[in-house]
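Using our numbering, read the sequence shown as starting at 937 and increasing by one per residue.
Every residue, glycine too, gets a C-beta built ideally from N, C-alpha and C.
Just so it is clear, the structure is predicted and the values come from calculations on it, not from any experiment.
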Amino acid sequence: MPDTVFPPGFLWGAATSAYQVEGSPLADGAGISNWHRFAHTPGRIAGGDTGDIACDHYRRMPEDVALMRTLGLNAYRFSVAWSRVLPEGRGRLNAAGLGFYERLVDQLLGAGITPMLTLHHWDLPAALDDRGGWLNPDSADWFADYAALVGRALGDRVALWTTLNEPWVIADGGFMHGVLAPGHRSAWEAALVAQRLLCAHGRGVQALRAECSGPQHRIGLVVNIEPKRAASDHPADRAACERAHAYMNRQYLDPVLRGERPAELAALFGPAWPACSDEDIALMRTPIDWVGINYYTRGVMAHDETTWPLQARHVRQPGATYTETGWEVHARALTETLLWVRERYGDIPQYVTENGAAFYDPPVAGPDGIADPLRLQYLRDHLGAVADAIRAGVDLRGYFAWSLLDNLEWAHGYAKRFGIVHVDFATGRRTPKASARWYAKAIARHGAGL
């Protein structure tokens, strides 16, 4: 339509991840993942929830693809469960596990939906975790072998590839603070894992390039960006803001897109900060075709010596709307984020690979469906922020709402609902929410009016 700013070919999508939606984690010869083990450890997940059933997407996949088509999605971002394909993490292929993703891709293409495949969305095979996981110096090679296998199997049908999803969360939640799998709590480990993940990313890109060398193949990295603002003009707050910005937002993009590591982190970690060879930096900087931005909120930061290790804390903003996860709703910061990426790293193509909000929905949908006005407004405002970024010259090629379905929100269990489609976890019934219906209309208009 003439008044839209969204370019031709723009991807209107939604996203999920394997452990959060699939269920049946050990079906058909799959191996145990670190998240399966973590969820089955008492006290790790709210309510004792696990991914054993989740959204039952493993068995209901054709129904879910049909639902995507009904909503008008032309793209779907999903992840492969590494332990489904390689039960021991390497070596023996589980053809039945790989077959699920082959069927999923075929169903998507048959529905006119572009698949965006994420190789690793946090669930590492437990067999590799037992060997040190991302702490093991061989982990980059493990990942490269896995990437090559999946690329060889699906490269004829999948053009858009993601190596890792949110490596910061793996290192910070899984190794710094212990709230996510594998549940460690060590600054030494977190700093080393961050480095190993980036090396794995580089090796994964190289492996995919060897298997997926056509002009249609595009490989990227997905990071979560939380733009930081100082709570005041006090020098201590400004310094805390810069530390938090370097730790969360620059730690992964600077090496990949600039070939350098933030100097602030060496001072922050002290003796825990690992040395990095020129060869490793070159590996991390292996060229990619696009960068994916997961955006949910901003962080207003103040100095706080009691907060380990950043000595920085979030400051709640009076009068602001907050989601069920305690995140401030601030759409304008999404525009600022996309512009910051272009300004700092050049005019690399971008996708908003996750964006969404958890607000309360009842566990069972009534006869009139689910009214979710806060989520609907969140989507409207953030798509408007995306449109503003495009008007300002950002090469933005797609938007993926998080999430297609209510699902297992990691350590929060099923208590936090992000889906634009409601899931009754007792029956598996899917009900598109008002936000999904609004999004479908926005897609049909190709974003006209935003």
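### Query
Would you call Arg1365 buried or exposed, if buried means 16 or more other Cβ atoms sit within 10 Å of its Cβ?
Here the question's residue 1365 lines up with position 429 in the sequence shown. Under this definition Arg1365 is an exposed residue.
### Task
Could you work out which residue in Gln1142, Gly1140, Ala1211 and Gly1235 is closest to Ala1182 when comparing CA atoms only?
On the sequence shown, position 246 is the one that residue 1182 refers to. The shortest C-alpha separation from Ala1182 is found at Gly1235.
### Message
At 4 residues or longer, what runs of the alpha helix (DSSP H) sit wholly inside the region 1053-1140?
### Response
1062-1065, 1075-1090 and 1103-1107
### Query
Using the C-alpha atoms, what's the distance from Arg1197 back to Arg1221?
Here the question's residue 1221 lines up with position 285 in the sequence shown. Here the question's residue 1197 lines up with position 261 in the sequence shown. Each residue's Cα considered, the two are about 11 Å apart.
### Query
Does the distance from the C-beta atom of Gly1228 to that of Leu1157 stay below 9 Å?
Along the sequence shown, read from residue 1 onward, the residue named residue 1228 stands at position 292. Along the sequence shown, read from residue 1 onward, the residue named residue 1157 stands at position 221. Yes, Cβ-Cβ distance for Gly1228 and Leu1157 is below 9 Å.
### Query
When the Cα atoms are used, what is the spatial distance from His1318 to Leu1064?
Counting from one through the sequence shown, the residue named residue 1318 turns up at place 382. Counting from one through the sequence shown, the residue named residue 1064 turns up at place 128. Near 38 Å, if we compare the C-alpha coordinates of Leu1064 and His1318.
### Task
Report the option in Arg1327, Trp1226, Gly1329 and Ala1301 whose CA atom is closest to the CA atom of Thr1099.
The sequence position of residue 1099 within the sequence shown is 163, counting from 1. Checked all of Arg1327, Trp1226, Gly1329 and Ala1301; the closest Cα to Thr1099 is Trp1226.
### Task
Measure the CB-CB distance between Asp1230 and Trp1338 and report whether it falls below 9 Å.
Indexing the sequence shown from 1 puts residue 1230 at position 294. Indexing the sequence shown from 1 puts residue 1338 at position 402. Note that residue 1230 is Asn in the sequence shown here, rather than Asp. Yes, they are a contact pair.
### Message
Here's a check: name, in chain order, each residue in its chain whose Cβ is nearer than 6 Å to the Cβ of Trp971, leaving out the five neighbours to either side.
### Response
Taking the first residue of the sequence shown as position 1, residue 971 is located at position 35. So the qualifying residues of the chain are Tyr955, Asp1059 and Ala1117.
### Query
My guess is that Asn1010 and Leu1022 are in contact by the Cβ rule of under 8 Å, so how many angstroms apart are they, rounded?
Position 74 of the sequence shown holds residue 1010. Position 86 of the sequence shown holds residue 1022. Not a contact, Cβ separation roughly 31 Å.
### Query
Fully enclosed by the region 964-1042, which beta strand (DSSP E) runs are 3 residues long or longer?
1011-1015
### Query
What are the boundary residues of the beta strand (DSSP E) that includes Val1158?
As a working note, residue 1158 is residue 222 in the sequence shown. Here the beta strand (DSSP E) through Val1158 covers Arg1154 to Asn1160.
### Message
If distances are taken between C-alpha atoms only, which option among Ala1370, Ala1293, Asn1101 and Ala1378 comes closest to Asp1308?
### Response
In the sequence shown, the residue the question calls residue 1308 occupies position 372. The shortest Cα separation from Asp1308 among Ala1370, Ala1293, Asn1101 and Ala1378 belongs to Ala1370.
### Message
I'd like to know whether the C-beta atoms of Met1004 and Leu1340 end up nearer to each other than 9 Å.
### Response
One-based indexing of the sequence shown puts residue 1004 at position 68. One-based indexing of the sequence shown puts residue 1340 at position 404. A distance below 9 Å separates the beta carbons of Met1004 and Leu1340.
### Task
Given a cut-off of 9 Å, decide if Ile1161 and Val1141 are closer than it, judged by their beta-carbon atoms.
Residue numbering aside, residue 1141 sits at position 205 when the sequence shown is read from its first letter. Residue numbering aside, residue 1161 sits at position 225 when the sequence shown is read from its first letter. Result no, Cβ atoms of Val1141 and Ile1161 do not sit closer than 9 Å.
### Counted within 10 angstroms of its Cβ, other Cβ atoms place Val1277 as buried (16 or more) or exposed
Here residue 1277 corresponds to residue number 341 of the sequence shown, with the count starting at 1. That one is buried.
#### Entry: alpha helix (DSSP H) runs wholly inside the region 1256-1301, at least 4 long, in chain order
1268-1281
#### Entry: Exposure of Arg1179, with buried meaning 16 or more beta-carbon neighbours within 10 Å
Here residue 1179 corresponds to residue number 243 of the sequence shown, with the count starting at 1. Burial call: buried.
### Message
Short of 8 Å in beta carbon distance, which residues of its chain neighbour Tyr1258, apart from the five on each side in sequence? Order them along the chain.
### Response
Residue mapping note: residue 1258 aligns to position 322 of the sequence shown, counting from 1. Only Arg1252, Glu1264 and Val1265 meet the Cβ criterion.
### Beta bridge counterpart(s) of Trp1209 as assigned by DSSP
Taking the first residue of the sequence shown as position 1, residue 1209 is located at position 273. The bridge partners DSSP lists for Trp1209 come to none.
### Query
Which stretch, first to last residue, makes up the alpha helix (DSSP H) that contains Ile1379?
Working through the sequence shown from its first residue, we reach residue 1379 at position 443. It spans Ala1370 to Ala1380 - the alpha helix (DSSP H) in which Ile1379 sits, taken as one unbroken run.
### Message
Using 8 Å for Cβ pairs, my map puts His993 next to Val957. What's the rounded Cβ distance?
### Response
To locate residue 993, count along the sequence shown from 1; it is residue 57. To locate residue 957, count along the sequence shown from 1; it is residue 21. With 8 Å as the limit, His993 and Val957 qualify as a contact, their Cβ atoms being about 4 Å apart.
### Query
Apart from the five residues just before and just after Ala1323, which ones in its own chain have a Cβ nearer than 6 Å to its Cβ?
For the purposes of this step, residue 1323 is taken as the residue at position 387 of the sequence shown. Within the same chain, Ala1323 has close Cβ partners Val941 and Leu1386.
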